[in-house]
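2 protein chains.
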Amino acid sequence: MQQDIPPAPAFADILAARERLAPHAHRTPVLTSRSFDALAGAQVFFKCETFQRGGAFKFRGAMNAVLSLPAEVRARGVVAYSSGNHAQGLAYAAKLAGVPAAIVMPQDAPALKVAATRGYGAEVVSYDRYTESREEIGAALAAGRGAALIPPFDHPDVIAGQGTATAELLEETGPLDALFVPLGGGGLLAGAGIAAQAMAPGCQVFGVEPEAGNDGQMSLAKGEIVGIAVPRSIADGAIVTSLGRCTFPVIRQTVAGIETASDAELVAMMGFFAERMKLYVEPTGCLGAAAVLKRAADLQGKRVGVILSGGNVDLARFAQLVLEAREAEA
Amino acid sequence: MQQDIPPAPAFADILAARERLAPHAHRTPVLTSRSFDALAGAQVFFKCETFQRGGAFKFRGAMNAVLSLPAEVRARGVVAYSSGNHAQGLAYAAKLAGVPAAIVMPQDAPALKVAATRGYGAEVVSYDRYTESREEIGAALAAGRGAALIPPFDHPDVIAGQGTATAELLEETGPLDALFVPLGGGGLLAGAGIAAQAMAPGCQVFGVEPEAGNDGQMSLAKGEIVGIAVPRSIADGAIVTSLGRCTFPVIRQTVAGIETASDAELVAMMGFFAERMKLYVEPTGCLGAAAVLKRAADLQGKRVGVILSGGNVDLARFAQLVLEAREAEA
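Protein chains in written order, with this note's numbering: chain F, 1 to 330; chain Z, 1001 to 1330.
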């Protein structure tokens, strides 16, 4: 069944989302680092969504979507499928809004994310991401309960909510020359594109996806959505198989290009963030910064924004990754 | 040779230090955590000096001391002895003020701290902390150059600078019921005591030192400074052998009590800060939070401040400590 593509949100929807989220979401800090600036040759501003509720920007889109539901729909609850952070974001949003939530999560989702989702009072339904379709499981679950399905990225209210992160960043920094945004399904990037176009028209917005899953890059090149097999990358928040039908047109219209980063580059950034900036960032959250260092030659003397999308990584996994990388270096 | 005890700073000196530091020091964020509040049964505000310049509160005291020197003294440079964070703080301050700095550091100081100190352009002079006296080496070095010796804690300008962290915290939170502050030589704690007494007279201020080196606790009990052998603790920022002659009287007058935390408790807090609050905190920086959890029974429903004093810990060491602790748990 071919469904209509939902309309893309406008900048006004991001402003409305800001009002809606103001009593609930954190206004996360924007941090800078002289060491990173020296490496990049640019003046870089990090929007730290690691400190957002639920540990990632996902709370913004989820909460905006929940609050935008008609009251009678909301009362029947919400359902989501998610590789992790959207699950926690929606579970947290549902808890604050006082509605039941069921989350479809892959069996191999990080234990920390599953535990946190349950900790917010949500029901967790597991599936095998290499053989089953989370979209089908989620849709059946929602239909059975009369609950609202809140997709992780391909929804105008979700995109508008994610756009508030960029709106806050630009409000604090003023116009930027470039902005680097982690890219999975494209909710954060589409929101960033809309916000930047309105608030800083000269700002070039770049998506950054894992090297192992560069479907976004291929999609932009081809001018249509290109699907890929489930990529294997440590950036578990960005291993989707395609952009969305709602996010892709926005990205095509507002984004200057899409970069990639390897797992090794992400682990190196995790180490830098911890040791030098005292920040605990998950692999997906490191995509933007890794791309800035790769593109440094083009960014000399520029004012650059980077969204650190989240910090939800198991401590044992974090420690293993950075130790292995340090031992390989030595 | 018995020297006069320098006079304790007054609250007015902390206010003057704020003015002096305003163009140089970061106003660090105050973060909260629902998970920590649930564990503690209290409403807890974390003053994140991990994000201070140089990665620790020490920059405040060092910069205030450098800026308070007469111009002709400052021009001859500054000298310090430090187990780590004061070294970086002073090296950074000297760099910003454009004066040469020589830092006496123990041979076994964390590599990250030595590298960072050199990175700020300071000269590093090594010594063996189990056999040599850093005070004597520092004094000789300063005398030879006509440079000003800036001690790590026992100096009114240093104490006044450290007090600005507490002043900022209380300005942001309003009055608190209790405040927990890491305790080494007592500069941060004395500054906290003076600021709290003036800004929140009902606030009980507690110092927290490593269990292995509870000289502060013994000193308060005895009513005079008690010296101990160099304690062995992972809290390398707090392993001094005694309180200072300038800090002790202030602490005695303004502090409600001194708590301790074990190395295992500090490592558990490091893991919590990373995984739950996305903060990278060094062992010494975890002292206050560890004590809050131990004293939770007395803090139910209270508004509590905690100073996270710094985040300067080698990444490999951080990873090893938290991995070992997790494996011991499992």
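Ideal Cβ placement from N, Cα and C applies to all residues, glycine included.
Selection from Ala56(F), Thr117(F), Val104(F) and Pro201(F) that minimises the alpha carbon distance to Ala139(F): Nearest C-alpha to Ala139(F): Val104(F).
Counting only runs that start and end within the region 269-297 of chain F, where is the alpha helix (DSSP H) found for 4 or more residues in a row? Within the region 269-297 of chain F, the complete alpha helix (DSSP H) runs of at least 4 residues are 287-294.
Limits of the alpha helix (DSSP H) - the one that Val1073(Z) falls within: It spans Ala1071 to Arg1074 - the alpha helix (DSSP H) in which Val1073(Z) sits, taken as one unbroken run.
Is there a Cβ of chain F sitting closer than 7 Å to that of Glu1275(Z), yes or no? Taking Cβ atoms only, chain F reaches closer than 7 Å to Glu1275(Z), which makes this a yes.
Show which residues of chain F have a CB atom less than 7 Å away from the CB atom of Ala1101(Z). What Ala1101(Z) touches in chain F: nothing, since even the nearest Cβ is about 17 Å away.
Report the neighbours of Gly1055(Z) on chain F: residues whose CB is nearer than 7 Å to its CB, in chain order. The contacting residues are Lys278.
So, helix, strand or coil for Ala87(F), using DSSP? Three-state DSSP puts Ala87(F) in a helix.
Taking the alpha carbon of Glu324(F) as the point to measure from, which residue in Ala38(F), Leu287(F), Ala296(F) and Gly271(F) has its own alpha carbon closest? Here the closest residue by C-alpha is Gly271(F).
Contact set between the region 1009-1041 of chain Z and chain F, restricted to residues whose Cβ is under 7 Å from the partner: Listed by position along the chain: Pro1029 and Leu1031.
For the beta strand (DSSP E) that Pro1182(Z) lies in, which residues bound it at each end? According to the DSSP assignment, Pro1182(Z) belongs to the beta strand (DSSP E) that extends over Ala1178 to Pro1182.
What does DSSP give as the partner residues of Gln1217(Z) in its beta bridges? The beta-bridge partner set that DSSP reports for Gln1217(Z) is empty.
Rounded C-alpha distance that separates Gln2(F) from Val1322(Z): Its pLDDT being 49, under 50, Gln2(F) is placed unreliably by the model, and the measurement read from it follows with that caveat. Each residue's alpha carbon lies about 50 Å from the other.
Any chance the region 179-189 of chain F sits against the region 278-292 of chain F, with 3 or more Cβ pairs inside 8 Å? Contact between the region 179-189 of chain F and the region 278-292 of chain F is present: 3 or more CB-CB pairs across the two stretches fall below 8 Å.
For the beta strand (DSSP E) that Val313(F) lies in, which residues bound it at each end? Val313(F): not part of any beta strand (DSSP E); DSSP gives it neither H nor E.
Beta-carbon proximity of Pro156(F) to Pro9(F), cut-off 7 Å: Yes, they are a contact pair.
Name, please, each residue of chain F whose Cβ falls closer than 8 Å to the Cβ of Ala1316(Z). Simply Val322, Leu323 and Arg326.
Within its chain, find whatever has a CB closer than 7 Å to the CB of Glu1211(Z); leave out the 5 residues flanking it on each side and keep chain order. Hits under 7 Å: Thr1260, Ala1261 and Ser1262.
Contact check, Gln1088(Z) vs Gly1061(Z) under 8 Å by CB: the rounded distance? Contact doesn't hold; Cβ gap of about 12 Å is too wide.
DSSP-derived helix/strand/coil call for Ser1233(Z): Ser1233(Z) sits in coil when the DSSP states are folded into three classes, being neither helix nor strand.
Quick check on Gly1121(Z) - is its C-beta less than 7 Å from some C-beta in chain A? The structure shown contains no chain A; the protein chains it does contain are F and Z.
Start-to-end residues for the alpha helix (DSSP H) that takes in Leu337(F): Because chain F here runs from 1 to 330, residue 337(F) falls outside it and cannot be looked at.
Buried or exposed (CB count within 10 angstroms, at least 16 for buried), Ser35(F): It is exposed - the Cβ of Ser35(F) has fewer than 16 other Cβ atoms within 10 Å.
If you draw a straight line from the C-alpha of Met199(F) to the C-alpha of Val124(F), how long is it? Those two C-alpha atoms are separated by around 39 Å.
Beta-carbon of Thr1050(Z) versus every beta-carbon of chain F: anything under 7 Å? Taking Cβ atoms only, chain F reaches closer than 7 Å to Thr1050(Z), which makes this a yes.
Let me see if you follow: with CB-CB separation under 7 Å, is Ala235(F) close to chain Z or not? With respect to chain Z, the C-beta atom of Ala235(F) has no partner C-beta closer than 7 Å.
Using a Cβ cut-off of 7 Å, pull out every chain F residue sitting near Ala1319(Z), in sequence order please. Within chain F, the residues near Ala1319(Z) are Ala319, Val322 and Leu323.
Buried or exposed: which applies to Arg1134(Z), given that a residue is buried once 16 or more other Cβ atoms fall within 10 Å of its Cβ? Answer is buried; the Cβ neighbour count reaches 16.
Nearest residue (CA-CA) to Ala1190(Z), options Val1079(Z), Gly1163(Z) and Arg1129(Z): Measuring from the Cα of Ala1190(Z), the nearest candidate turns out to be Gly1163(Z).
Please confirm whether Met1(F) has its beta-carbon closer than 7 Å to some beta-carbon of chain Z. Caution applies to Met1(F), whose pLDDT of 41 falls short of 50 and renders its modelled position unreliable; the value that the coordinates give is listed next. Taking 7 Å as the threshold, the shortest C-beta distance from Met1(F) to chain Z does not fall below it.
Hey, is Gly285(F)'s beta-carbon within less than 7 Å of any beta-carbon in chain Z? With 7 Å as the cut-off, Gly285(F) does not count as an interface residue toward chain Z.
Is there a Cβ from chain Z that is less than 7 Å from the Cβ of Gly163(F)? Residue-level contact check: Gly163(F) does not touch chain Z, since none of the beta carbons of chain Z fall below 7 Å from its beta carbon.
Take Leu1243(Z) as the anchor and find which of Ala1094(Z), Ser1068(Z), Ala1297(Z) and Ile1258(Z) has the nearest alpha-carbon. Looking only at Ala1094(Z), Ser1068(Z), Ala1297(Z) and Ile1258(Z), the smallest Cα-Cα distance to Leu1243(Z) is reached by Ile1258(Z).
Nearest to Glu1019(Z) (by Cα), restricted to the options Gly1161(Z), Asp1108(Z), Tyr1120(Z) and Asp1298(Z): Ranking Gly1161(Z), Asp1108(Z), Tyr1120(Z) and Asp1298(Z) by Cα distance to Glu1019(Z) puts Gly1161(Z) first.
If you measure between the beta carbons of Lys47(F) and Asn312(F), is that distance less than 7 Å? No, the Cβ-Cβ distance between Lys47(F) and Asn312(F) is not below 7 Å.
Using DSSP with H/G/I as helix, E/B as strand and the rest coil, what is Leu15(F)? Three-state DSSP puts Leu15(F) in a helix.
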